[in-house]
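To start, the structure itself, in structure tokens.
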Amino acid sequence: METLCDLLFELSNDERLAILYLIQEGPKKLSNMSKTLDITPQAVSRNLTRLVEIGLIRRNEASDYELTPYGASSLTQLESFSFLSENKEYMSTHWTDRLPSEFQARLGDLKKCEIVDDSLDMLSNMERVFEEAEEWYKYITPFRIASHASLQFAIKQLDRGVNIHALEPLDYTLSEKSLARTPR
1214 METLCDLLFE
1224 LSNDERLAIL
1234 YLIQEGPKKL
1244 SNMSKTLDIT
1254 PQAVSRNLTR
1264 LVEIGLIRRN
1274 EASDYELTPY
1284 GASSLTQLES
1294 FSFLSENKEY
1304 MSTHWTDRLP
1314 SEFQARLGDL
1324 KKCEIVDDSL
1334 DMLSNMERVF
1344 EEAEEWYKYI
1354 TPFRIASHAS
1364 LQFAIKQLDR
1374 GVNIHALEPL
1384 DYTLSEKSLA
1394 RTPR
């Protein structure tokens, strides 16, 4: 019987992962995979056999290898682990447990995003994205965006018909440093 450990073991090999990601683009022949990945045909064949045995891929009528629904779902779920491992340093200091579970499950969607740590850069980037929005924008932030300027901007966007959806903490309190800089 296949277990989670069996699946993770098969996915923990760089060559097998490369093969899976290549097949994810569409059905492939062994010879094409060997050339594209610069892996010997024997190594590709050995890895394909393992991936077929565990049910991640299959051969279609044209004898090409393709993902199974199980394989496609496994790769989708793997995106979150990929994002976490590529951003280990950042994720080691940022909790995700306060995010709604539907967002936690989609961390892999952030794989092509860039982490912006500097507050001013982040605000500038948000302002640019917000200004470019024509229909809607959604954002998640660890702090509340509640300055007079940001509220005026949001009102202007709403007047233009832009839908705004935000996830901000309910219990956020400004730091002493931020309080000192906030006009009264």
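Residue numbers for the sequence shown follow my numbering, so the first one is 1214 and each next one is one higher.
Glycine residues also receive a C-beta, built at the ideal position from the N, C-alpha and C atoms.
{"Check": "By DSSP, does Asn1376 sit in helix, in strand, or in coil?", "Outcome": "strand"}
{"Check": "Considering Cα atoms alone, identify which of Lys1325, Ala1379, Met1246 and Ala1367 is closest to Lys1351.", "Outcome": "Ala1379"}
{"Check": "If the criterion is Cβ atoms closer than 8 angstroms, does the pair Leu1261 and Leu1243 meet it?", "Outcome": "yes"}
{"Check": "Which partner residues does Lys1324 have in the DSSP bridge list?", "Outcome": "Per DSSP, none; premise fails for Lys1324."}
{"Check": "Using a Cβ-based criterion (distance less than 7 angstroms to any ligand heavy atom), does Asp1227 qualify as near the ligand NAD?", "Outcome": "By its list of ligands, the structure shown contains no ligand whatsoever, and the ligand NAD lies outside what it can speak to."}
{"Check": "Just tell me which of Thr1354, Gln1290, Phe1366 and Ala1362 has its CA closest to the CA of Asp1384.", "Outcome": "Thr1354"}
{"Check": "Determine the closest residue to Val1342 out of Lys1324, Gln1370, Ile1267 and Leu1269, with distance taken between C-alpha atoms.", "Outcome": "Gln1370"}
{"Check": "Please name the residue in Glu1228, Asp1331 and Asp1277 whose C-alpha comes closest to that of Gln1255.", "Outcome": "Glu1228"}
{"Check": "Let's see if you can read the secondary structure: which residues bound the beta strand (DSSP E) around Leu1280?", "Outcome": "Tyr1278 to Leu1280"}
{"Check": "Need the endpoints of the alpha helix (DSSP H) that Tyr1303 sits in, please.", "Outcome": "Lys1301 to Met1304"}
{"Check": "Kindly indicate which three-state DSSP category Tyr1385 falls into: helix, strand or coil?", "Outcome": "coil"}
{"Check": "Among all the DSSP beta bridges, which residues are the ones paired with Trp1349?", "Outcome": "Asn1376"}
{"Check": "When DSSP labels each residue in this structure, what does Arg1154 get in the three-state scheme?", "Outcome": "Outside the displayed range of the chain (1214 to 1397) lies residue 1154, so it cannot be described from this structure."}
{"Check": "Of the residues Ile1236, Lys1248, Thr1253 and Met1304, which one's Cα is nearest the Cα of Arg1272?", "Outcome": "Ile1236"}
{"Check": "How is Arg1241 classed by DSSP in three states: helix, strand or coil?", "Outcome": "For the sequence presented, residue 1241 should be read as Lys rather than Arg. Three-state DSSP puts Lys1241 in a strand."}
{"Check": "CB-CB under 7 angstroms to Lys1241, same chain, minus the five flanking residues each way: which ones, in chain order?", "Outcome": "Leu1235, Asp1277 and Tyr1278"}
{"Check": "What whole-angstrom Cβ distance do Leu1288 and Leu1233 have, given they're in contact under 8 angstroms?", "Outcome": "6 angstroms"}
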